[in-house]
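Novice: Heads up: the protein sequence lines correspond to chains E and U, in order.
Going by this note's numbering, the first residue of the first sequence is number 114, and it counts up by one from there.
Going by this note's numbering, the first residue of the second sequence is number 3, and it counts up by one from there.
One structure is given below, represented as structure tokens, and several questions about it will come after.
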Amino acid sequence: SQTIHQWPATLVQPVGSPLSLECTVEGTSNPNLYWYRQAAGRGLQLLFYSVGIGQISSEVPQNLSASRPQDRQFILSSKKLLLSDSGFYLCAWTSGARTQYFGPGTRLTVL
Amino acid sequence: EDQVTQSPEALRLQEGESSSLNCSYTVSGLRGLFWYRQDPGKGPEFLFTLYSAGEEKEKERLKATLTKKESFLHITAPKPEDSATYLCAVQGRGGSQGNLIFGKGTKLSVKP
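Shown next, in the form of structure tokens:
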């Protein structure tokens with residue numbers, strides 16, 4: 114069966130510091146991978162998606178970037194965090210079927 | 003522009019009191035409508051996918067239905083463990099690869 118992991122689970126970072134969040138998927142090959150952000154009182158917002166290694170599409174201009182160095186690994190990064198980057202970050206995958214399956218999430222607080 | 007609106011924002015039920023959650027959508031060519039359950043501090047858990055008007059799916063106390071403009075999530079005789087936020091999302095033909103448009107969710111509380 115397929116499993117999706119995210120780490121860290123929680124993170125508190127100062128403004129201006131770098132960021133690296135990691136997502137890995139097990140039990141599937143060549144998945145489509147997605148990064149979403151969920152802010153308080155808002156719906157999930159798609160940030161990036163990837164259909165293969167090295168292939169990244171950005172949905173929203175922002176202070177963040179994404180990379181996919183391996184087939185089942187997806188990384189979300191920032192060089193300098195802003196207060197507005199705080200939120201709950203979710204990774205999701207799909208393979209063939211349209212349904213997206215989500216990971217456990219990372220709670221990021223920027224102070 | 004694709005859009006999803008969920009109502010009510012919050013719903014309080016007594017255990018055993020059946021009700022329905024609404025998801026209204028506008029999308030250019032529906033490819034799928036998705037229901038998820040999200041517990042506090044956790045990622046959304048997949049419940050159902052509906053593809054065409056008239057389709058229905060059931061799982062335990064939950065039943066999802068779909069029309070051309072909205073979807074309902076019916077909860078029959080809910081229990082306290084059904085308390086969660088329920089999210090609705092749509093995927094349209096005009097969006098990016100697999101892009102889901104989410105509503106803000108309905109927070110359900112079931113009291114014993």
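Glycine included, C-beta positions come from ideal geometry on N, C-alpha and C.
The structure displayed is predicted, hence computed values, not measured ones.
Determine, using beta carbons only, whether S24 of chain U comes closer than 8 Å to chain E.
Specialist: According to the sequence provided, residue 24 of chain U is Asn. The question's Ser does not apply to it. Not an interface residue.
Novice: So with Cβ pairs under 8 Å, would you call E211 of chain E a contact of chain U?
Specialist: Here the sequence assigns Arg to residue 211 of chain E, which means Glu is not the residue at that position. Yes, because at least one Cβ of chain U sits closer than 8 Å to the Cβ of R211 of chain E.
Novice: Tell me whether P131 of chain E sits in a helix, a strand or coil according to DSSP, three-state version.
Specialist: It is coil, neither helix nor strand.
Novice: For P121 of chain E, collect the residues of the same chain with a Cβ closer than 7 Å to its Cβ; drop the 5 residues on either side in sequence, then sort them by chain order.
Specialist: Taken in chain order, the residues that qualify are T219.
Novice: For L75 of chain U and A66 of chain U, what's the separation of their Cα atoms in angstroms?
Specialist: Their Cα atoms are separated by approximately 5 Å.
Novice: DSSP state of E3 of chain U, grouped into three classes?
Specialist: Three-state DSSP puts E3 of chain U in coil, outside helix and strand.
Novice: Taking only the alpha-carbon atoms, compute the straight-line gap between L203 of chain E and E58 of chain U and give it to the nearest angstrom.
Specialist: Straight-line Cα distance between these residues: approximately 28 Å.
Novice: What residues in its chain sit with their C-beta under 7 Å from that of P127 of chain E, if we drop five residues either side in the sequence?
Specialist: Closer than 7 Å at Cβ, skipping near neighbours: L224.
Novice: Taking 7 Å as the limit between beta carbons, can you name the residues of its chain near G86 of chain U, skipping five residues before and five after?
Specialist: First, the amino acid is wrong: residue 86 of chain U is Ala here, not Gly. These residues qualify, in order along the chain: R39, Q40, D41, L110.
Novice: From the DSSP output, in three-state form, read off P114 of chain U for me.
Specialist: In the structure shown, P114 of chain U sits in coil (DSSP, three-state: anything other than H, G, I, E or B).
Novice: Starting from the C-beta of A179 of chain E, find all residues in its chain whose C-beta is less than 8 Å away, skip the five residues before and the five after it, and write them out in chain order.
Specialist: The answer, listed in chain order, is W148, L160, F161, S163, I169, S171, F187, I188, L189, S190.
Novice: Quick one: which residues of the region 39-53 of chain U get their C-beta closer than 8 Å to a C-beta of chain E? List them in chain order.
Specialist: Listed by position, the residues of the region 39-53 of chain U near chain E (Cβ gap below 8 Å) are G43, K44, G45, P46, E47, F48, T51.
Novice: When we look at the beta-carbon of P10 of chain U and count the other beta-carbons within 10 Å, is it buried (16 or more) or exposed?
Specialist: It counts as exposed.
Novice: Give the residues of chain E in contact with Q5 of chain U, contact being defined as C-beta atoms less than 7 Å apart.
Specialist: Within chain E, no residue comes near Q5 of chain U; the closest Cβ sits about 10 Å away, beyond 7 Å.
Novice: Which residues in chain B sit within 8 Å of G56 of chain U, going by Cβ to Cβ distance?
Specialist: You won't find chain B in this structure, because its protein chains are E and U.
Novice: Quick check for students: name the residue ranges of the beta strand (DSSP E) that lie wholly in the region 166-223 of chain E, counting only runs of 3 or more.
Specialist: The qualifying runs are 168-171, 178-183, 186-191, 200-207, 219-223.
Novice: Could you tell me the boundaries of the beta strand (DSSP E) in which V125 of chain E lies?
Specialist: Taken as a continuous stretch (DSSP letters only), the beta strand (DSSP E) holding V125 of chain E covers 123-126.
Novice: Is the Cβ-Cβ distance between A91 of chain U and V29 of chain U less than 8 Å?
Specialist: Taking 8 Å as the Cβ cut-off, A91 of chain U and V29 of chain U do not qualify as a contacting pair.
Novice: What's the call for G105 of chain U, buried or exposed, on a 16-neighbour Cβ count within 10 Å?
Specialist: By the neighbour-count rule (16 or more Cβ atoms within 10 Å), G105 of chain U is buried.
Novice: Round the Cβ separation of L23 of chain U and L13 of chain U to the nearest angstrom and send it over; I've been treating them as touching at under 8 Å.
Specialist: Confirmed, Cβ separation roughly 7 Å.
Novice: Could you give the DSSP three-state label for E72 of chain U: helix, strand or coil?
Specialist: DSSP places E72 of chain U in strand when its eight states are reduced to three.
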